[in-house]
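>
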Amino acid sequence: MKYLTLILKISLYILLVLTVFMLFSSKTSLFGMRSFVVVSGSMEPAIRLGSIVLTESETNYKTGDIVSFNNNAGQTVTHRIMEIKTSPGGQSFILKGDANNTADGEEVKKREVIGEVFLTIPYLGRVVAFLRTLPGFLFLIIIPSVIFIGWEIINIKREMEKEIEKKIRRKMADL
């Protein structure tokens, strides 16, 4: 029974972590960090398709840094800085995906950069992407609910057995 308890607790903690990633992914900043799901293979092998990247805003970026930014289509892209250009309007970057043959077509201004990637979690993004779907959301709610209800039923059954056993002992003692 101890192993079952341990497995249930670990499962719930994993679901909690996935929920946090799902809730805070890309939309909000948590302690200055943002997370994004990688939806293309443009940065492979450094960052695998389906990974989660955590970014943190920096004041000084350098050539070779991997950064996330929003492109003109409104998509979040994570690529490597290949060149830094300085003009009276400020810094801009030439970016390129490691798996791409050419650099991105547009220069990215420093103010458009969301942050530098400081942590990559391979494949977890696939789970988060699934949890954002209706079946995934139901899975996120139903599985923990079933685990919790099942656990409570087991606890209630144990308590009832203890009470029955106490009553039997009292009756036996009265005889």
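The numbers in my numbering rise by one with no breaks, and the one at position 42 of the sequence shown is 82.
Positions of the beta carbon are idealized from the N, C-alpha and C atoms, including for glycine.
Just so we're clear, the structure is a prediction, and the values are computed from it rather than from any experiment.
Which one or two residues does DSSP pair with Ile189 in a beta bridge?
None, per the DSSP bridge assignment.
> Quick check: the Cα distance between Met83 and Arg120, rounded to an integer number of angstroms?
Approximately 8 Å between the Cα atoms of the pair.
> State the Cα-Cα distance for the pair Thr95 and Lys206, rounded to the nearest angstrom.
Cα-Cα distance, rounded: 59 Å.
> Return the Cβ separation of Ser117 and Val93 in integer angstroms, given the expectation that the two are a contact with Cβ distance under 8 Å.
According to the sequence as given, residue 117 is Val; it is not Ser. Contact doesn't hold; Cβ gap of about 11 Å is too wide.
> Cβ atoms of Leu55 and Pro184: under 7 Å apart, would you say?
Yes, the pair counts as a contact, with Cβ atoms nearer than the cut-off.
> What first and last residue would you give for the alpha helix (DSSP H) that runs through Gly145?
Gly145 -> no alpha helix (DSSP H), and no H or E assigned at all.
> For Gly165, which residues from the same chain have a beta carbon less than 7 Å from its beta carbon, with the 5 sequence-adjacent residues on both sides left out?
Excluding sequence neighbours, Gly165 sits near Val77, Val78, Gly90, Ser91, Ile92.
> Excluding the five sequence neighbours on either side, which residues of its own chain have a C-beta within less than 7 Å of the C-beta of Asn140, listed in chain order?
Ser82, listed in sequence order.
> Please state if the CB of Glu156 and the CB of Glu98 are separated by a distance shorter than 7 Å.
Yes.
> Under the three-state reduction of DSSP, which class applies to Ile161: helix, strand or coil?
Strand, per DSSP.
> Comparing C-alpha positions only, which one of Lys136, Ser75, Met73, Ala113 sits nearest to Gly104?
When only C-alpha atoms are compared, the closest one is Lys136.
> Hey, how far is the Cα of Ile208 from the Cα of Ile47?
Rounded to the nearest angstrom, the two C-alpha atoms are 34 Å apart.
> Is Asn140 helix, strand or coil when you go by DSSP?
Note: Asn140 maps to coil in three-state DSSP.
> According to the Cβ coordinates, are Ile134 and Glu146 closer than 7 Å?
No, they are not a contact pair.
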